[in-house]
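J.: According to mature numbering (1 follows the signal peptide of the UniProt record, and there is no 0), the sequence shown holds residues -18 to -1, 1 to 266 in order.
In this text, a Cβ means the ideal position worked out from N, Cα and C, and glycines have one as well.
None of these values were measured; they are calculated from a predicted model.
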Amino acid sequence: MKHLLLSAALLLPLAAQAESYPEAKSIVAIGGPVTEIVYALGEEDRLVARDTTSQYPPEAEALPDVGYMRQLSAEGVLSVGPDLIVTRDTAGPPEVIDQLRAASIPLVPVKDGFTQEAVIAAIHTVGEALGVPAKADTLATEVERQFAELEQTRTEAGTPPRVLFILSNQGGRLNVAGDGTGADGIIALSGAENVMSGAFQGYKIMSDEAIIAASPDVILMMESTGQAEHDANKSDILDLPALSQTPAGQNRAFVQVDPAALGFGPRTAEFATELHNALRAAAE
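#1: Identify every residue that forms a DSSP beta bridge with Glu175.
#2: Determine the DSSP secondary structure at Ser217, reduced to helix, strand or coil.
#3: Suppose contacts are defined by Cβ-Cβ distances below 8 Å. Is Pro229 in contact with Asp199 by that definition?
#4: Does DSSP classify Gln232 as helix, strand or coil?
#5: Who pairs with Lys186 in a beta bridge, going by DSSP?
#6: Rounded to the nearest angstrom, what separates Leu244 and Ser226 at their Cα positions?
#7: When we look at the beta-carbon of Ile187 and count the other beta-carbons within 10 Å, is it buried (16 or more) or exposed?
#8: Using a Cβ-Cβ cut-off of 7 Å (strictly less than) and excluding sequence neighbours within five positions of Gly154, which residues of its own chain qualify?
#9: Starting from the C-beta of Thr250, find all residues in its chain whose C-beta is less than 6 Å away, skip the five residues before and the five after it, and write them out in chain order.
#10: Run through the DSSP bridge pairs and tell me what Thr69 is partnered with.
#11: Give the DSSP-derived three-state secondary structure of Glu43 in the structure shown.
#12: Measuring CB to CB, does Gly14 end up less than 8 Å from Ala242?
#13: Once you ignore the five residues that flank Ile193 on each side, which residues in its own chain have a CB closer than 6 Å to its CB?
#14: Do three or more CB pairs link the stretch 78 to 86 to the stretch 111 to 128 at distances below 8 Å?
#15: Grouping DSSP H, G and I as helix and E and B as strand, with all else coil, what is Arg32?
#16: Under 8 Å, do Arg139 and Arg28 count as touching if we go by C-beta distance?
#17: Considering only the alpha carbon of each residue, which of Glu77, Lys117, Ala31 and Thr137 lies closest to Gln53?
#18: What did DSSP end up calling Ser150 once you bin it into helix, strand or coil?
#19: Can you check DSSP and say which residues form a bridge with Ser237?
#20: Counting only the same chain and skipping the five closest in sequence on each side, list residues whose C-beta sits under 8 Å from that of Glu26.
#21: Could you give the DSSP three-state label for Phe246: helix, strand or coil?
#22: So for Glu5, helix, strand or coil by DSSP?
#23: Would you identify the three-state DSSP class for Tyr38, choosing helix, strand or coil?
#24: Express the C-alpha separation of Pro91 and Arg70 in angstroms, rounding to a whole number.
#25: Figure out for me which residue from Gly160, Leu156, Ser55 and Ala130 has the closest Cα to the Cα of Phe96.
#26: Would Gly247 and Glu99 qualify as a contact pair, given that the criterion is a beta-carbon distance under 8 Å?
#27: Express the C-alpha separation of Leu66 and Met178 in angstroms, rounding to a whole number.
Below is the structure:
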């Protein structure tokens, strides 16, 4: 009993520090996943603006755009008259975030991350910031259920396909995903293996020799705008000399994923399940 009381006492300061602004009526959401969570909580009527990365749901695009989340200006954000700013903690530049804090407008950072746990934590952070923790609990429970179903799907699957995520093709020089990226996170959640996991952090231009040695089963890229562009991208990538020597190139195994899947918002389990199925089909 003493142990339980001590644990509860230790948690009290954390609870007291929770930032909650239930009276906020003019909220700026910065970061696609943050905006998605606000809509998923049914609190979209309180939004007055969003950033350029906030494109889902489609009705969010009708809101004023305060700019790209990593190239914000204090003037642009403040021009919409916010009484609360909820932002991914990777937004910036840092001096602009400092200016916004100095304006005495509440600013709640939502920790960026590429795991199931990060998604659930973000839902609770946004729900607490908006003063609707019960709604956040309900949403988090549903998303956790989806993750549980995904885990069961992964458990029942066979050998995971080996995947190379390509961010860009710069004249045959491929910029690919390593650890600490949304691409690595969604590949792992889908039950596949990022062939560059453990090799480096972030994104990096890789040599032909390294790509051949990685021997991916499937090439993964972000979605194009249409089928014609998809087919062009597929040929441009798989016909590169290095990739043509890999199992992915030889089997024409090429998959594209919605860019939003790399953001880790409330649809993450859905994206990962779709990717699981697409990668398995491509690798067969």
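T.: Looking at the atomic coordinates:
#1: Arg144
#2: helix
#3: The answer is yes: Cβ separation under 8 Å.
#4: When secondary structure is reduced to three states using DSSP, Gln232 falls in the helix class.
#5: Val158
#6: 26 Å
#7: exposed
#8: Leu222, listed in sequence order.
#9: Once the five neighbours on either side are set aside, the close Cβ partners of Thr250 are Val101.
#10: Looking at the DSSP assignment, Thr69 forms a beta bridge with Ile12 and Pro91.
#11: helix
#12: yes
#13: Ala224
#14: no
#15: For Arg32, the secondary structure class from DSSP, reduced to helix, strand or coil, is strand.
#16: In the sequence under discussion, the amino acid at residue 139 is Ala, which differs from the Arg named in the question. With a cutoff of 8 Å on beta-carbon distance, Ala139 and Arg28 are scored as not near each other.
#17: Glu77
#18: strand
#19: Sequence check: residue 237 is Val here, not Ser. Beta-bridge pairing links Val237 to Leu202.
#20: Val20, Glu41 and Ala42
#21: coil
#22: coil
#23: coil
#24: 5 Å
#25: The residue with the shortest Cα to Cα distance from Phe96 is Gly160.
#26: no
#27: Roughly 40 Å between the two C-alpha positions.
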